[in-house]
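Chains as they are written, first to last, in numbering that gives the first Met the number 0: chain S, 0 to 305; chain U, 0 to 305. C-beta atoms are modelled at their ideal positions from N, C-alpha and C, and glycine is treated no differently. Presented below is the structure to which this report refers.
There are 2 protein chains.
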Amino acid sequence: MSLIIIGSVALDDIETPFGKVEKIVGGAAPFACLAASYFYDKVKIVAIVGGDFPKSEIDIWKAHQIDIAGLQIAEEEKSFHWSGKYHIDMNSRDTLKTGLNVLESFDPIIPDSYQDCEFLLLANLTPQTQQTAIKRLQKRPKLIVLDTMNFWMDVALNDLIETIKLVDVLTINDAEARQLSGEYSLVKAAKKILKMGPNYLIIKKGEHGALLFHEEQVFSAPALPLAEVFDPTGAGDTFAGGFIGYLAKVGTINFHNMKNAVVYGSALASFCVEKFGTERIKNLKSAEIAERVQEFVNLSSFNIEN
Amino acid sequence: MSLIIIGSVALDDIETPFGKVEKIVGGAAPFACLAASYFYDKVKIVAIVGGDFPKSEIDIWKAHQIDIAGLQIAEEEKSFHWSGKYHIDMNSRDTLKTGLNVLESFDPIIPDSYQDCEFLLLANLTPQTQQTAIKRLQKRPKLIVLDTMNFWMDVALNDLIETIKLVDVLTINDAEARQLSGEYSLVKAAKKILKMGPNYLIIKKGEHGALLFHEEQVFSAPALPLAEVFDPTGAGDTFAGGFIGYLAKVGTINFHNMKNAVVYGSALASFCVEKFGTERIKNLKSAEIAERVQEFVNLSSFNIEN
Chain S
0 MSLIIIGSVA LDDIETPFGK VEKIVGGAAP FACLAASYFY DKVKIVAIVG
50 GDFPKSEIDI WKAHQIDIAG LQIAEEEKSF HWSGKYHIDM NSRDTLKTGL
100 NVLESFDPII PDSYQDCEFL LLANLTPQTQ QTAIKRLQKR PKLIVLDTMN
150 FWMDVALNDL IETIKLVDVL TINDAEARQL SGEYSLVKAA KKILKMGPNY
200 LIIKKGEHGA LLFHEEQVFS APALPLAEVF DPTGAGDTFA GGFIGYLAKV
250 GTINFHNMKN AVVYGSALAS FCVEKFGTER IKNLKSAEIA ERVQEFVNLS
300 SFNIEN
Chain U
0 MSLIIIGSVA LDDIETPFGK VEKIVGGAAP FACLAASYFY DKVKIVAIVG
50 GDFPKSEIDI WKAHQIDIAG LQIAEEEKSF HWSGKYHIDM NSRDTLKTGL
100 NVLESFDPII PDSYQDCEFL LLANLTPQTQ QTAIKRLQKR PKLIVLDTMN
150 FWMDVALNDL IETIKLVDVL TINDAEARQL SGEYSLVKAA KKILKMGPNY
200 LIIKKGEHGA LLFHEEQVFS APALPLAEVF DPTGAGDTFA GGFIGYLAKV
250 GTINFHNMKN AVVYGSALAS FCVEKFGTER IKNLKSAEIA ERVQEFVNLS
300 SFNIEN
């Protein structure tokens, strides 16, 4: 039994109102794998990096018990590179430069030792590559979670729709839910998207929390009101990793566990934004996570006797 | 013991993507009074209307046990008039025309029979008039709630700041909290605003719910995800009325009751947007309210054993 996480690994240049960093580790997979590792000790990465990728970072993944048998290192090539600048509100950003590099010809090879996969997170990547990963698993995992973004709706919508058909859970943000469905109301958007394949839909609303839709049920998870958002990069990937990591730990898929998974994912994401890149989620203590989750409980609990 | 609600009463022309209505009853006080009346039977209105205001509407207020001794009818004049058009997203609107009419010289006379006031809602109105109402009460109410809007921040900021000093609870939306404090982070905004006078701050976020701040505590109330918002006019006023009506009913002011009051206010507001104007909140059954509140409970509850 294991949890496979496939996604991009990047070296990012990031500028926020708080500062500027260069060649910091980013991409979907590092955030998601690290987040998941706090709940589950059989996290296996499928990804590709270039020769410029710091070995020290890979050592940290190993220290988190992340299996790197599926990590391809193209020594002669450069890692995927993303450069972006956040606006003052931290909710919007401009992509300044994208260098696909190793991602351009990435073939997601699944090591034999990964074939015991029960949980699969398709973190942000081309829908075509996500689909290939699903097809290379000899046994269909118990749960497939797909995280994607508006970029793929713009450039590879048909591939994305085909991939969405194959998964159990889709996580996107509110603008993406509207784009994908053509509906402004998130309730109507969710109804349409749930007909496209997934059983569960998570709509991430950043500082406004997240909505989980399943059949006729809805769960609204709060976001922790934060005084400072230092760097939002990777918050969505961290959410997805924490979410599936928690589910892999509890093992049973039902609405009750899904709700808790959304809260754990949100708690991990609230740590992520406190520092640049993966800095904060590389160094979490389980007591800190428990305390943060308790903050979510306190934040949203009320007691009405009707 | 009673609950005084002072606010505008209007005849509105409203255009939404769903249709257009003319001379429909609006303004802050009708929404707030009707909402409060479902929780508390000693609601007393202070407001002014012109001779053109439908007597049938006043009869409905009376049927809701709303005391109209403080309602001035200027038979020779015209009621306050507002005309607005909602955009397709229903979150933004244009004011097409405002006719102050009777509001221009409104002097908020407090009848002697109102001097037993324990709860006071200053629904949306000029800050100067709100202040006058406070000063005319011989005994300071147990709880004063102030609802206001960006318009007064633009044209009467100093008056507004003086009024804010005198109240216990301030309710504004997120954009207004940012405008009033000059802080983008709502946590920082709340800290600043709580230093301006009120003990409690409610930041309304429309479809994203509401945040209640008090000292170091925060409560995040969800909004009911709605398939259709028919007419958002008056949702904030309805929230404020439901909020203070519930508190007047339970009588005791503490964070626990405040949280529940936010949920009841949100529940009433979720009915308000289902029809044009006050149409929906004129005709609520207590079973419907209990059911709607239960939806809020279901929507936001989760159970984590840490």
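{"query": "Taking Cβ to Cβ, would you say U/Ile280 is nearer than 8 Å to U/Ala34?", "result": "yes"}
{"query": "What does the alpha-carbon distance come out to for the pair S/Arg291 and U/His213?", "result": "19 Å"}
{"query": "DSSP three-state call for U/Lys203: helix, strand or coil?", "result": "strand"}
{"query": "Can you confirm whether the segment 242-260 of chain S touches the segment 194-213 of chain S when touching is taken to mean that 3 or more C-beta pairs between the two stretches lie within less than 8 Å?", "result": "yes"}
{"query": "Beta-carbon of S/Val296 versus every beta-carbon of chain U: anything under 8 Å?", "result": "yes"}
{"query": "Which bits of chain S does U/Lys258 rub up against, with CB to CB less than 7 Å?", "result": "Phe301"}
{"query": "Quick one: list the residues of chain U neighbouring S/Ser219, beta-carbon separation under 8 Å, in chain order.", "result": "Gly208, Pro221, Ala222, Pro224, Leu298, Ser299"}
{"query": "Does any CB atom of chain S fall closer than 8 Å to the CB of U/Ser184?", "result": "yes"}
{"query": "In chain order, which continuous runs of the alpha helix (DSSP H) of length 4 or greater are located wholly inside the segment 39-88 of chain U?", "result": "54-62"}
{"query": "Candidates U/Lys187, U/Gln127, U/His63: which alpha carbon is nearest U/Asp158's?", "result": "U/Gln127"}
{"query": "Quick check: is the beta carbon of S/Lys204 nearer than 8 Å to any beta carbon in chain U?", "result": "yes"}
{"query": "In chain S, which residues lie with their C-beta within 7 Å of the C-beta of U/Glu215?", "result": "Result: empty, since nearest Cβ-Cβ is about 11 Å, beyond 7 Å."}
{"query": "Would you say S/Val168 reaches chain U, if we count a Cβ-Cβ gap shorter than 8 Å as a contact?", "result": "no"}
{"query": "In terms of residue numbering, what span does the alpha helix (DSSP H) encompassing S/Ala234 cover?", "result": "234-249"}
{"query": "Taking 8 Å as the cut-off, decide whether the C-beta atoms of U/Ile163 and U/Pro140 are in contact.", "result": "no"}
{"query": "Out of curiosity, what's the CA-to-CA distance linking U/Gly240 and U/Leu120?", "result": "8 Å"}
{"query": "Is the segment 147-157 of chain U touching the segment 167-175 of chain U in the sense that three or more CB pairs, one from each, lie closer than 8 Å?", "result": "yes"}
{"query": "Alpha carbon to alpha carbon, what distance is there between U/Thr170 and S/Ile5?", "result": "45 Å"}
{"query": "In chain order, what residues of the segment 262-276 of chain U put their CB closer than 7 Å to some CB of chain S?", "result": "Val262"}
{"query": "If you count every other CB in all the chains shown that lies within 10 Å of the CB of U/Leu95, and 16 or more means buried, which is it?", "result": "exposed"}
{"query": "Using the beta-carbon count (16 or more within 10 Å), is S/His80 buried or exposed?", "result": "buried"}
{"query": "List the residues that DSSP assigns as beta-bridge partners of U/Ser300.", "result": "According to DSSP, U/Ser300 bridges with nothing at all."}
{"query": "For a test of the three-state rule: what should DSSP assign to U/Phe118, helix, strand or coil?", "result": "strand"}
{"query": "With 16 as the cutoff for other CB atoms within 10 Å, does S/Asp93 come out buried or exposed?", "result": "exposed"}
{"query": "With 9 Å as the C-beta to C-beta threshold (strictly closer), list the residues of the segment 69-97 of chain S near chain U in chain order.", "result": "Ile87, Asp88, Met89"}
{"query": "Helix, strand or coil: which one does DSSP assign to S/Gln137?", "result": "coil"}
{"query": "Buried or exposed for S/Glu343, please, with buried defined as at least 16 other CB atoms from any protein chain shown within 10 angstroms of its CB.", "result": "Given a span of 0 to 305 for chain S in the structure shown, any question on residue 343 of chain S remains unanswerable."}
{"query": "Take U/Val48 and list the residues in its own chain whose beta-carbon comes closer than 6 Å to its own, dropping the five residues that flank it on each side.", "result": "Val8, Ile72, Ser78"}
{"query": "As a quick exercise: from S/Ile65, S/Val166, S/Pro29, pick the residue whose alpha carbon is nearest that of S/Lys43.", "result": "S/Ile65"}
{"query": "Take U/Phe118 as the anchor and find which of U/Ser299, U/Glu294, U/Gly18, U/Lys138 has the nearest alpha-carbon.", "result": "U/Lys138"}
{"query": "Bridge partners of U/Arg108, per DSSP?", "result": "In the sequence as displayed, the identity of residue 108 of chain U is Ile instead of Arg. Beta-bridge pairing links U/Ile108 to no other residue."}
{"query": "Just mark S/Lys54 as buried or exposed, buried being the case when its beta carbon has 16 or more other beta carbons within 10 Å.", "result": "exposed"}
{"query": "Classify S/Asn100 as buried or exposed, calling it buried when 16 or more other Cβ atoms lie within 10 Å of its own Cβ.", "result": "buried"}
{"query": "Ends of the alpha helix (DSSP H) at U/Arg92?", "result": "Note, U/Arg92: premise wrong, no alpha helix (DSSP H); beta strand (DSSP E) at 92-98."}
{"query": "Assign S/Lys22 to one of three DSSP states: helix, strand, or coil.", "result": "strand"}
{"query": "State yes or no: is the C-beta of U/Ile298 within less than 8 Å of the C-beta of S/Phe295?", "result": "Here residue 298 of chain U is Leu; the residue named in the question, Ile, does not match the sequence. Going by C-beta atoms, U/Leu298 is not nearer than 8 Å to S/Phe295."}
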